[in-house]
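Just so you know, the sequence shown maps onto residues 31 to 404 in my numbering.
Where a beta carbon is used, it is the ideal one built from N, C-alpha and C, also for glycine.
These figures come from a predicted structure and were not determined experimentally.
Below: the structure, in structure tokens.
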Amino acid sequence: MHNRSFTRATLASVTLFGGVVCVTFALFLASCSSLQPAHRATPLGDVGDCPPRYSIVCLIHGDGSYLYHDSQGRALRADEQILAEAKTVAEQNPQAEVLIFHQTRKRHLLLFFPRRDGTFYYYRSGRLFAQESYWRDRSPSRLDPEVELYHRYSIAERSHAIRFFLYFGHEIPEFGGADYDASYPDRTFTINDLANCLHSMNSDSTKFDLAVLATCYNGTPRTIFTIAPYARYIIASPENLHLSYFDLQPFKRLDIGLQDGDLSSFAKEFAHQAFDRLTEEVQTAVTVAVYDVDRLREYLQSVQSVYDSALTALQGEPPASLEHCDCAEDSAYALPGMNAGLEIFYRPPLFGRLKHKPSHSGWECWRRVPRTSD
């Protein structure tokens with residue numbers, strides 16, 4: 031009797047162990063798979079034959095410190111908040127396709143098995159058509175997975191849609207770029223990488239009609255110069271946004287807000303509304319600028335070598351010794367035509383030494399922190 035009970039217990043243990051091994055192996059195979067089949071919420075045939083008039087690409091970076099507390103003390107994540115807003119925009123645009131990429135921190139299943147750290151959503155005609163998880167670290171270039179998914183799903187070029195690109199994240203570095211991703215601290219990301227992504231999403235004869243950089247301090251000559259070949263208009267901030275992203279309200283119902291096709295007016299309205307929201311949420315300086323690429327091209331070409339030389343000279347400096355400043359404070363940039371092609375919305379900080387600063391050029395530069403005498 032004792033031996034029989036022992037045998038049964040042993041068999042049960044072996045069976046349980048075998049089941050755990052099988053499940054673990056299955057999870058391992060799933061985690062190592064390079065491609066997860068897309069979850070299709072709407073069959074392809076049900077999307078409709080009418081091509082989209084608008085195409086919106088939202089790239090949301092969430093692999094970093096995006097935690098903040100609202101006025102009620104609630105802990106929120108800025109990337110998740112903007113993801114919810116982007117989904118609402120997608121659902122309220124019956125004549126648009128919306129492609130949303132959410133880059134998240136790397137996590138593990140059962141402590142050992144890595145999970146995909148990117149999620150892609152494809153909406154068309156106001157409905158979720160596909161949702162797919164993907165790896166962000168399996169390609170030579172940092173944004174290759176997003177480019178591949180874009181070309182797999184988007185029909186914007188075939189439909190001659192008005193195209194938008196929106197990036198939400200921390201300040202995009204102009205040099206260096208290590209530690210941008212918390213999960214991949216050795217992997218670099220700079221404005222050149224984002225420009226390569228835009229280039230790959232365009233054809234030789236197309237541009238994004240509007241590119242929006244909802245980031246801190248990216249209203250610089252280098253950033254705008256680098257993005258300019260791939261967009262007609264650019265919206266960016268030369269100031270610190272403090273995770274208070276631009277308001278997406280104007281993107282809801284583009285068939286109404288942009289029915290006349292006046293992209294310049296739409297860009298200014300979007301920037302103005304973003305400015306109004308920021309002035310309600312922060313007490314620091316607020317600047318939102320609209321850059322008309324064709325009109326500011328001559329100015330960019332005249333200051334680009336000066337700006338690049340300054341960047342090269344400052345690259346070896348410790349970060350604490352550098353600070354941002356209005357380019358108008360440097361005579362090398364305060365040239366005729368500095369404000370050509372710019373629409374600037376500005377409010378000075380409500381405190382500090384710059385609270386009486388009357389205006390901002392719309393361009394942000396770098397300089398060494400002035401030494402104070404003891």
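Look at the Cβ atom of residue i, then the Cβ atom of residue j, and state whether they are nearer than 9 Å.
| i | j | result |
| --- | --- | --- |
| A406 | Y210 | Residue 406 cannot be examined here, being either before or after the span of the chain that is shown, 31 to 404. |
| A225 | I265 | no |
| V119 | K282 | yes |
| H132 | L113 | yes |
| T127 | R154 | Per the sequence presented here, residue 127 reads as Glu, with Thr not at that position. Cβ distance < 9 Å, so E127 and R154 count as in contact. |
| L273 | A116 | no |
| R217 | F238 | no |
| A244 | F276 | yes |
| Y247 | E394 | yes |
| Y363 | Y337 | yes |
| R193 | Y96 | no |
| T134 | G199 | no |
| P81 | I185 | yes |
| D234 | L173 | no |
| S332 | G367 | yes |
| Y214 | D285 | no |
| F305 | V318 | yes |
| F375 | V316 | yes |
| M231 | H181 | yes |
In the DSSP assignment, the beta strand (DSSP E) including residue i goes from what residue to what residue?
| i | result |
| --- | --- |
| A160 | 157-164 |
| I185 | Careful: I185 lies outside any beta strand (DSSP E) and carries neither H nor E. |
| T314 | Run containing T314: none; DSSP gives neither H nor E here. |
| E127 | 126-133 |
| A105 | 105-107 |
| F205 | Unbroken run through F205: none, as it is neither H nor E. |
| Y98 | 97-99 |
For residue i, decide whether its Cβ has a neighbour in chain D, counting only Cβ atoms nearer than 9 Å.
| i | result |
| --- | --- |
| K298 | Of the chains in the structure shown, none is chain D; there is only one protein chain. |
DSSP three-state label for residue i, please.
| i | result |
| --- | --- |
| H302 | helix |
| R145 | coil |
| Q111 | helix |
| R307 | helix |
Let me check one thing: in DSSP terms, what residues is residue i bridge-paired to?
| i | result |
| --- | --- |
| C80 | Beta-bridge pairing links C80 to no other residue. |
| S85 | E127, R193 |
| R154 | E127, R157 |
| I90 | H132, F198 |
Hey, quick one: how far does the alpha helix (DSSP H) through residue i stretch, first residue to last?
| i | result |
| --- | --- |
| L173 | Careful: L173 lies outside any alpha helix (DSSP H) and carries neither H nor E. |
Could you tell me if the beta carbon of residue i falls within a distance shorter than 8 Å of some heavy atom in the ligand FMN?
| i | result |
| --- | --- |
| H386 | Of ligands this structure carries none, so the ligand FMN is not represented either. |
task: Return the chain-ordered ranges of every beta strand (DSSP E) run that is complete within the region 208-287 and spans a minimum of 3 residues.
output: 238-244, 261-266
message: Could you tell me which whole alpha helix (DSSP H) segments of length 4 or greater appear in the region 318-402?
response: 323-344
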